[in-house]
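Before any comments, here is the structure.
Residue numbers (the working numbering): 40 to 196.
See the structure below:
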């Protein structure tokens, strides 16, 4: 068994280096929240298509859509019902044979009052961060990711 010689005064530096190197992978890389005018406008269909998950992940976006319904007690993984609620949104054009799928919007409870005033089909603009979530695992070990929008602000149109 090999023994390492301890150099007096250097053990704190070793602990610090090991601690810092391990912490980098644990903290998510989230950019600082921009001002409202700096949110990037994104087309609803592009957001929900699933094709641009990696390009839009963790970006601050504004999205026009229509309110569909509150998702009572249903949240994507990583969100606590103690701090968040969610609702479904549909495309700005509403329902139709060519309309893309639903969008899950996650809202912190401290700004959720507006959600309870929305009516089905009401036009809204949501400002928030695009958060990638795992929807399902593919056969063979792959992962299917999708985006949810974590709202910072919801405005009626």
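The beta carbon of each residue, even a glycine, is placed where N, CA and C say it ideally should be.
Item	Value
For residue 186, which three-state DSSP category applies?	strand
Considering just the uninterrupted stretch of the beta strand (DSSP E) at residue 90, what are its terminal residues?	Careful: residue 90 lies outside any beta strand (DSSP E) and carries neither H nor E.
Is it a yes or a no for the segment 181-188 touching the segment 139-155, going by three-plus beta-carbon pairs under 8 Å?	yes
Just reading off the beta strand (DSSP E) that residue 129 is part of, what are its end residues?	123-129
Decide if residue 55 is buried, meaning its Cβ has at least 16 other Cβ atoms within 10 Å, or exposed.	Any answer about residue 55 is weak, because its pLDDT of 44 lies below 50 and its placement is not dependable; what the coordinates show is given next. Residue 55 should be labelled exposed.
Tell me the rounded alpha-carbon separation between residue 106 and residue 130.	9 Å
Given that a residue counts as buried once 16 or more other Cβ atoms are within 10 Å of its Cβ, and exposed if not, what is residue 43?	In this predicted model, residue 43 has a pLDDT of only 49, less than 50, meaning its place in the structure is not dependable; the value taken from the coordinates is given anyway. Exposed is the call here.
Does DSSP put residue 76 in a helix, a strand or coil?	helix
Would you identify the three-state DSSP class for residue 152, choosing helix, strand or coil?	helix
Compute the distance between the beta-carbons of residue 99 and residue 118, then report whether it is under 7 Å.	no
Excluding the 5 residues flanking residue 167 on each side, which residues of the same chain have their C-beta closer than 6 Å to its C-beta?	188, 189, 190, 191
Let me check understanding here. Comparing Cα to Cα, which of 194, 82, 81, 88 lies closest to residue 152?	194
For residue 99, which three-state DSSP category applies?	strand
Once DSSP output is grouped into helix, strand and coil, what is the label at residue 83?	helix
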